[in-house]
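If you're matching them up, the sequences are chains H and D in order. Under this note's numbering, the first residue of the first sequence carries the number 122, and numbering increases by one thereafter. Under this note's numbering, the first residue of the second sequence carries the number 2, and numbering increases by one thereafter. C-beta: ideal position from N, C-alpha, C; glycine also. What you are looking at is a predicted structure, and each value in this text was computed from that prediction instead of being measured. To start, the structure itself, in structure tokens.
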Amino acid sequence: MLRKKYFIALFTALLMAAIAVQTVFAISPDYLKSGRTYDQESSYIQWNGSVSYVSLYHRDNTSLPASEGGANCNNGCTETVTRIRSGSSVSGNFTFLQTFNVQVAYTGDSSVGTAIIRACGTVIATVNLYTPGSGAPGFNNFPSPAWSVPTSGDCTWSITASGGYVDFRAVTTSYRASPPPTVDIQINNTQGPLSQTAPGGYTLNWTSANASTCTASGNWSGAKTGSGSQAYSNVTAGTYTYTLTCTNPSGSASDSVTAYVFSPPSVDVKANNSDGPLSFFEPSAYTVTWSSSNASSCQAEGNLTGSIGLNGSQTFNNILQGTYNYTVRCFNPVGAQVVDTVQIRVNPLPPTVDLRVEGGNGPITRVSPASYTLSWTSQYATSCSASSSDGGWTGSVVLSGNRAFASIPVGTHTYTVTCTNISGTASDSVTIYVVAPLSGTITVTYARLLLFAPNLGQPAQTLSGTVTGGEPPYSITVHVRTPSGVEISLSRSGPTWSATPQNSGDINFGTTEQGIWTAWSDLTDSTGRGYRTSSVTWEVAWHPVHGRP
Amino acid sequence: MTLSYSKFSDSNGMIRERRAQSAVWGLLTILVFIIIAAGLVDIYRLYAARNWAYTVAQEAALAGASRGRDWAYVSATGNIRLTSALATSGAQQVVSAEMNTRGVSGYTLDIQVLPEPAGGTITGYPPRPVRLGNGRGDWSTNEPAVGVYLTVPVDWLLLDRFGIAGKSISVFASAGVVQ
Chain H
122 MLRKKYFIAL
132 FTALLMAAIA
142 VQTVFAISPD
152 YLKSGRTYDQ
162 ESSYIQWNGS
172 VSYVSLYHRD
182 NTSLPASEGG
192 ANCNNGCTET
202 VTRIRSGSSV
212 SGNFTFLQTF
222 NVQVAYTGDS
232 SVGTAIIRAC
242 GTVIATVNLY
252 TPGSGAPGFN
262 NFPSPAWSVP
272 TSGDCTWSIT
282 ASGGYVDFRA
292 VTTSYRASPP
302 PTVDIQINNT
312 QGPLSQTAPG
322 GYTLNWTSAN
332 ASTCTASGNW
342 SGAKTGSGSQ
352 AYSNVTAGTY
362 TYTLTCTNPS
372 GSASDSVTAY
382 VFSPPSVDVK
392 ANNSDGPLSF
402 FEPSAYTVTW
412 SSSNASSCQA
422 EGNLTGSIGL
432 NGSQTFNNIL
442 QGTYNYTVRC
452 FNPVGAQVVD
462 TVQIRVNPLP
472 PTVDLRVEGG
482 NGPITRVSPA
492 SYTLSWTSQY
502 ATSCSASSSD
512 GGWTGSVVLS
522 GNRAFASIPV
532 GTHTYTVTCT
542 NISGTASDSV
552 TIYVVAPLSG
562 TITVTYARLL
572 LFAPNLGQPA
582 QTLSGTVTGG
592 EPPYSITVHV
602 RTPSGVEISL
612 SRSGPTWSAT
622 PQNSGDINFG
632 TTEQGIWTAW
642 SDLTDSTGRG
652 YRTSSVTWEV
662 AWHPVHGRP
Chain D
2 MTLSYSKFSD
12 SNGMIRERRA
22 QSAVWGLLTI
32 LVFIIIAAGL
42 VDIYRLYAAR
52 NWAYTVAQEA
62 ALAGASRGRD
72 WAYVSATGNI
82 RLTSALATSG
92 AQQVVSAEMN
102 TRGVSGYTLD
112 IQVLPEPAGG
122 TITGYPPRPV
132 RLGNGRGDWS
142 TNEPAVGVYL
152 TVPVDWLLLD
162 RFGIAGKSIS
172 VFASAGVVQ
């Protein structure tokens, strides 16, 4: 039997210690209610120093709570009470109290000390709890009668053990008589609901009357003062409900406001799946599509007409030159709007131009002074201009026309007509090669030569010549006439030529007969133009010796 | 060098009578004829020597003019001229060859060249008048030319017996190049 009591006592001690440790770490002092310390220790009573629960047998006029049987303790009870060691204390807050006192135990244990009871900054009782010769401890209320709380506002209270321990069983409170509380909460000074577009921003204001405590719930939380305000900003999309509940001993009251924060609408308009701007050549065809999100309605603007939905498309065909703006404006439920536009420019086809000379694309060749006519035609152009390599033709010209040129000197003449419109530029060029008239020379190396000069170690004849003008390549026929009238011909080519003993096949070229030799050349260019040079002569002599009289 | 001719020898006889006189006259007549014949022979020899010398001079002049033609100058300028050294050398070679053939020595030779295309004038050439060729004085040509003045000694057959001193003949010949 003793062993069983020992285990029970040990278990109880361990339980008390565990609860004591838990309580020490979990205490959150709050407004005090009437009741046993053991029942409300963790919420309303703060332990300071060496404080613990003890299972105490006492005999007095108290009663166990109903949960523990509700027995009267006149004949003794054992229950858990709070033991405050010497020098330690318990404390807490209360508000709206009418009266206040605590239960501490007298005892014959000489280790007991004096309880110093404070409230609202005042020592309301100092009780020496040692009663020599008394039996079991007995709890009494101190002060008695209960101390009248001078204020309905917040106060702190405490019990300090001095000179020994103090067993503390309960507080006894009575609240002031009051009507039930009222509370009013507003959002942006309205009862709500409030609708906004994210990011939202608003202010909650609340007031209360007769409230001892106010607690926030919903999308906010925590204890609140009887009146106040709280601002919110950068609120994302969603529905937010703010509830404030205020209580007093007579009851409670709640009020709520709601804020609807909507995402901003968006819309994307595309043409042929592009945000644009786009450019097309007329006649053009394309499809305009739009899609929106977070929108409750959309409307067409600009070149997009008619009733449109939140998403859709329209196809356009045979669109002529112009600039077209297709706009969709969308709204969310709170009226926030967004606009997107795609722009399409429909341009005419790029210009074309065809420049010709003498009806052809050239190039052509003419002999100076040359004459020719240029003609040109263009399409889709809005303006045309001319230029030439010789600077003789510049400036604006008509879109289609012709121009005659005369007395053009030798050179390469390139003419260009450039036509433009909004879609681009086109150019065409022709080239005319104006060449000098075909001409040439023939020269003789030796004006006088010896008969069969190579046999005397002297040179034979060498003819040379040049060809200018006309159009290369040139072909040359060299004619050589002997003194006896025999004519020989040699063929040559190129702008310069020569007829030598080596390349003519006659080492005695031009020296085989005494007398006057004659030579000339016939020149022909690639187009068949011909030219005969002037003739050259040379004399071949023997220089005989004769006796003089 | 002198020309070598064979000499005639003669002899005299004594006439004591009329027959003898006739014989003397006959001898004298023969002597006269011999003298006359010798004189004629010497005159012929002189004539022949001069013709020969002239021929030699003319051949020498032609050879000098021919061999002295400057062909390169023709190619360069179109005109002919003579190279003096070549012309002189060519003439000398002809004269020397002929004199050696005849065994003639003691002759004198004066060769002059007018090399330029327009010829020219050499004053005092030839130094003595000659019957063949231009006379004494200023030798002029209008073309490149070679002049040969040749003096050759002539030995008498008979005339030198009569105190007529030795004779030499001088000839002058020239040749030109046609432009």
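| Check | Outcome |
| --- | --- |
| Using the C-alpha atoms, what's the distance from Val565 of chain H back to Thr122 of chain D? | 35 Å |
| Please check if any C-beta of chain D sits within less than 8 Å of the C-beta of Leu584 of chain H. | no |
| Within 10 Å of its beta-carbon, does Thr152 of chain D have 16 or more other beta-carbons around it, so buried, or fewer, so exposed? | buried |
| Does the beta-carbon distance from Phe260 of chain H to Val225 of chain H come in below 8 Å? | yes |
| Which residues in the same chain have their Cβ closer than 8 Å to the Cβ of Glu608 of chain H, if we skip the five residues on either side of it in sequence? | His600, Val601, Arg602 |
| Just to confirm the assignment, what range does the alpha helix (DSSP H) spanning Ala77 of chain D have? | 72-78 |
| Taking the beta strand (DSSP E) that Ala319 of chain H belongs to, which residues open and close that run? | Ala319 of chain H -> no beta strand (DSSP E), and no H or E assigned at all. |
| Is it right to say Tyr178 of chain H is buried, meaning 16 or more other beta carbons lie within 10 angstroms of its own, or is it exposed? | exposed |
| Return the first residue and the last residue of the alpha helix (DSSP H) that Leu41 of chain D is part of. | 19-68 |
| Can you give, in chain order, each stretch of the beta strand (DSSP E) that sits fully within the segment 378-402 of chain H and has at least 3 residues? | 387-392, 399-402 |
| Do we get a CB-CB distance below 8 Å when we pair Leu577 of chain H with the residues of chain D? | yes |
| Would you say Trp72 of chain D lies against chain H (beta-carbon separation less than 8 Å)? | yes |
| How long is the line joining the alpha carbons of Phe146 of chain H and Asn432 of chain H, rounded to whole angstroms? | Note that Phe146 of chain H scores a pLDDT of 34, beneath 50, so its modelled location is shaky; the value from the coordinates is reported in the next line. Those two C-alpha atoms are separated by around 60 Å. |
| Which whole-angstrom value describes the C-beta separation of Gly590 of chain H and Ala557 of chain H, a residue pair presumed to lie in contact below a C-beta threshold of 8 Å? | 3 Å |
| Ignore the nearest five residues each way along the sequence and tell me which others in Ala58 of chain D's own chain have a CB closer than 7 Å to its CB. | Val149, Leu151, Val172, Phe173, Ala174 |
| From H:Tyr251, H:Pro575, H:Asn482, H:Ser265, pick the residue whose C-alpha is nearest to that of Asp549 of chain H; which is it? | H:Asn482 |
| Under the DSSP definition of a beta bridge, which residues are partnered with Ala291 of chain H? | H:Arg157, H:Gln224 |
| Quick check on the DSSP output: the alpha helix (DSSP H) that includes Glu99 of chain D runs from which residue to which? | 85-103 |
| Using a Cβ-Cβ cut-off of less than 9 Å, list which residues of the segment 559-573 of chain H approach chain D; keep chain order. | Tyr567, Ala568, Arg569, Leu570, Leu571 |
| Return no unless some Cβ of chain D is closer than 8 Å to the Cβ of Gly668 of chain H. | yes |
| Do Gly586 of chain H and Trp618 of chain H have their beta-carbon atoms positioned less than 8 Å apart in this structure? | yes |
| Rounded to whole angstroms, how far is the Cβ of Ala88 of chain D from the Cβ of Gly65 of chain D, which I believe are closer than 8 Å? | 4 Å |
| Under 8 Å, CB to CB, which of the residues in the segment 590-601 of chain H have a partner in chain D? | none |
| With DSSP collapsed to three states, give me the class of Tyr567 of chain H. | coil |
| Apply the 10 Å Cβ neighbour rule to Gly578 of chain H and answer buried if 16 or more other Cβ atoms are within range, or exposed otherwise. | exposed |
| Taking the C-alpha atoms as reference points, what is the distance between Gly321 of chain H and Val356 of chain H? | 4 Å |
| Tell me whether Tyr363 of chain H sits in a helix, a strand or coil according to DSSP, three-state version. | strand |
| So, is the C-beta of Gln180 of chain D closer than 8 Å to a C-beta in chain H? | yes |
| To the nearest angstrom, report how far apart Ala662 of chain H and Ala62 of chain D are at their CA atoms. | 21 Å |
| Does Thr142 of chain D have its Cβ less than 8 Å from a Cβ in chain H? | yes |
| The alpha helix (DSSP H) that contains Gln113 of chain D, what's its start and end? | Careful: Gln113 of chain D lies outside any alpha helix (DSSP H), inside the beta strand (DSSP E) at 109-115. |
| Identify, in the order they occur along the chain, each residue of the same chain with its Cβ nearer than 7 Å to the Cβ of Ala319 of chain H, setting aside the five sequence neighbours on each side. | Val356, Thr357, Ala358, Val382, Phe383, Ser384, Pro385 |
| Could you check the C-alpha separation between Ile429 of chain H and Asp461 of chain H for me, to the nearest Å? | 14 Å |
| Please report the distance separating the alpha-carbon of Ile148 of chain H from that of Asn453 of chain H. | Confidence at Ile148 of chain H is low in this model, with a pLDDT of 36, below 50, so its placement is unreliable and no value can be given for it. |
| Would you mind reading off the limits of the beta strand (DSSP E) that contains Gln579 of chain H? | From DSSP, Gln579 of chain H is part of no beta strand (DSSP E); its letter is neither H nor E. |
| DSSP three-state label for Tyr501 of chain H, please. | coil |
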